[in-house]
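Encoded as structure tokens, the structure appears first; notes follow it.
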Amino acid sequence: MATSTAHHGIQSLNLDNKSTSSLVFEPFELPDSNQRRLGPPHPSGTVTPLALRASTHNNEEIDLETVIQAIISLQTQDGIMSKALANHGTLLFRGLPINNAAEFSKFAHAFGYKPHEIIGIVVNRPLLAPNVAPANESAKEVLIYNHNESPQVPHAPEYIFFYCQKAPEKGGETPISSSLELFHRAKEEIPEFIYEIATKGILSRVVYKTEKQYEGGSSLKQAFGTEFKQGDDESTKKAKIEAQIARYGRGLAAHYKNSQNPANSVRKVVATQLYGDGTPIPEKYLAHLAKITDEIRVLHKWQKGDVLVQPWEGEQSDRVVLASLFDGPVPGAYTDNDWAKVVQAFDG
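So the sequence shown is numbered by numbering that gives the first Met the number 0: it starts at 0 and just counts up by one.
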């Protein structure tokens with residue numbers, strides 16, 4: 000039988016009576032600075048992240064295989080985990096028996112999502128285990144503001160898993176926030192800007208070079224050369240690269256805030272943010288987006304072994320956080336303009 004927490008009224012995620020497993024995922028509360036109630040358009044009282052701990056009726060020691068089978072069973076019950084993620088935006092799993100990249104990979108794959116195909120990446124993320132790579136290869140001094148994953152891809156991942164292999168002694172929190180709440184507030188507070196975005200779109204220019212541009216960066220081949228074959232001439236390579244490029248889609252607030260951070264100036268030139276017609280976006284709108292983002296975010300304080308499932312990423316400090324990206328159903332475009340089209344993941 001499911002139990003619930005009194006404060007948030009969230010039921011435990013447990014298996015049906017047909018299952019032989021006694022494992023359940025019990026919700027628990029985090030400090031106010033690490034958990035908050037989401038604003039509209041989310042249902043009233045919805046918290047993010049939804050923090051979960053695995054437990055058994057007999058307090059038995061929990062092994063990874065039992066956890067994996069429990070996740071698989073919950074997902075076969077009408078996608079219980081996926082629905083919880085859709086409601087809360089982020090799920091935090093704490094205290095699981097996950098100790099390395101390989102075990103994290105097994106846990107992430109248990110959800111049944113399709114591994115994400117990364118195209119146009121600007122950072123070098125070496126593979127550590129199946130579909131697992133470092134979350135961020137930048138120096139810890141470099142600020143990475145809230146943003147929607149991933150920046151240079153024709154399709155963005157629907158599900159992102161983060162695993163804390165090493166927790167910092169202090170600092171290193173990851174800010175998370177709801178894009179739905181950000182859009183809702185922006186529509187109410189700066190409707191003229193949302194109209195301009197919907198009408199004109201956004202223009203971003205990214206320069207790729209044959210060799211990596213900075214430590215931790217990617218090369219042109221890593222970004223768009225996944226279809227290169229031995230013997231391809233330059234014109235063939237050029238055609239294959241152009242076929243991979245669709246759009247550059249990192250959040251505007253991320254560009255604005257990153258450009259204000261002095262530590263970032265060593266690796267890129269600060270650029271004016273432009274509408275799709277090439278006209279500059281007034282800074283007051285970018286500042287307002289950043290203001291809303293700061294007001295609605297929560298700071299996740301990492302503990303070793305934490306697994307965070309979410310569509311957002313965060314800051315960097317003295318820590319080791321691994322990432323695993325997956326594809327799934329995506330919503331339709333907001334308008335009929337070419338720039339707003341949603342591009343599905345490639346098959347194969």
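Each residue gets a CB set at the ideal place from its N, CA and C atoms; glycine is no exception.
Problem set entry | Contact belief for residue 34 with residue 53 at Cβ below 8 Å, rounded distance in angstroms | No, residue 34 and residue 53 are not in contact; Cβ-Cβ is about 19 Å, not under 8 Å.
Exercise. The alpha helix (DSSP H) with residue 323 in it runs from where to where?
Worked result: Where residue 323 is concerned, there is no enclosing alpha helix (DSSP H), although the beta strand (DSSP E) it sits in stretches over 319-326.
Problem set entry | Rounded straight-line distance, which links the Cα of residue 116 to that of residue 324 | 8 Å
Exercise. What distance in whole Å lies between the Cβ atoms of residue 307 and residue 48, which are believed to be in contact at a cut-off of 8 Å?
Worked result: 7 Å
Exercise. Would you report the Cα separation of residue 30 and residue 164, rounded to the nearest angstrom?
Worked result: 22 Å
Problem set entry | Spatial distance of residue 196 from residue 81 (CA atoms) | 30 Å
For this session: Out of 110, 92, 44, 38, point me to the one whose CA is closest to residue 27's CA.
Result: 92
Exercise. Exposed or buried, residue 156, counting other C-beta atoms within 10 Å across all chains shown (16 or more means buried)?
Worked result: buried
For this session: Could you say which of 298, 300, 305 lies nearest to residue 103 if we only look at CA atoms?
Result: 305
Exercise. CB residue 273 to CB residue 279, shorter than 7 Å?
Worked result: yes
Problem set entry | Cα-Cα separation, residue 74 to residue 110 | 7 Å
Exercise. What are the partner residues of residue 53, as DSSP defines its beta bridges?
Worked result: 24
For this session: Could you tell me which of 240, 229, 276, 177 sits nearest to residue 289, measuring between CA atoms?
Result: 177
Exercise. Rounded to a whole number of angstroms, what is the C-alpha to C-alpha distance between residue 71 and residue 55?
Worked result: 17 Å
Exercise. Hey, how far is the Cα of residue 126 from the Cα of residue 296?
Worked result: 30 Å
Problem set entry | DSSP state of residue 112 mapped onto helix, strand, coil | coil
Exercise. What is the DSSP secondary structure of residue 39, reduced to helix, strand or coil?
Worked result: coil
For this session: Measure the alpha-carbon distance for residue 39 versus residue 21 and round it to whole angstroms.
Result: 36 Å
Problem set entry | Pairwise C-alpha distance: residue 309 and residue 130 | 16 Å
For this session: Can you give me the Cβ contacts of residue 185 inside the same chain, cut-off strictly under 8 Å, excluding the 5 residues immediately before and after it?
Result: 192, 193, 287, 288, 291
Exercise. With distances taken between CB atoms, is the gap from residue 326 to residue 113 smaller than 7 Å?
Worked result: yes
For this session: Take residue 284 and list the residues in its own chain whose beta-carbon comes closer than 7 Å to its own, dropping the five residues that flank it on each side.
Result: 189, 192
Problem set entry | Contacting residues, own chain, Cβ-Cβ under 8 Å from residue 302 (five flanking each side not counted) | 93, 163, 166
Exercise. Are the beta-carbon atoms of residue 199 and residue 277 separated by less than 7 Å?
Worked result: no
For this session: Leaving aside the five residues before and after residue 183 along the sequence, list all residues of the same chain whose C-beta is less than 6 Å from its C-beta, in chain order.
Result: 39, 40
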